[in-house]
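Reading through the structure tokens given below for one structure.
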Amino acid sequence: MAAPTQLPIYKVAYDLFRLIMEMVRNIPRDLKQLVGSRLASEAMEIVTLIFRANEAIDKVPHLNELIERLGVINLQLRLSQDMRLISTKQYAAAIALTDQVGKQAGGWRKHSASSPAVSRSRP
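Here the sequence shown stands for residues 86 to 208, where the numbers follow the working numbering.
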């Protein structure tokens, strides 16, 4: 098992977290708590789920939650861009990163679901 911080998916998710933290800094104060903190929390949870999936024997539940949370981040980013809380350039950069994380998570989930170790651990 690789160290979580050495995984390609971790590196992209960490870049996404950093980008979102930069975006949150520029959100107006009256919406920062509502919109900004939710975006930051979801991004942090993505990084945490990568760690959990890497450590778990059955990775699929963690990866399923990760993929669901990516969808939530995409929705929140879209709403933020529609409300002009973030720029189109920031939105495009964040979506490119969520797409990369999603593709890697989907591949990891597919590989993990077909892994013999997972099927042995199930009742």
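Glycine is no exception: its CB is placed at the ideal position from the N, C-alpha and C atoms.
Worksheet item: Among residues of its own chain, excluding the 5 on either side of M129, which ones have a beta-carbon nearer than 6 Å to its beta-carbon?
Response: none
Item to complete: Report yes or no: do the region 180-194 and the region 97-111 share at least 3 C-beta pairs separated by less than 8 Å?
Response: yes
Practice prompt. Helix, strand or coil for D100, going by three-state DSSP, please let me know.
Written response: helix
Worksheet item: Near A138, what residues of its chain come up, given a Cβ to Cβ distance below 6 Å and the 5 sequence neighbours on each side ignored?
Response: K144, H147 and L148
Worksheet item: Buried or exposed: which applies to E107, given that a residue is buried once 16 or more other Cβ atoms fall within 10 Å of its Cβ?
Response: exposed
Worksheet item: From R103 to S200, what does the alpha carbon distance come to, in whole angstroms?
Response: 32 Å
Item to complete: Please list, in chain order, all residues of the same chain as V132 whose beta carbon is under 8 Å from its beta carbon, the five residues on each side excluded.
Response: Y95, A98, Y99 and F102
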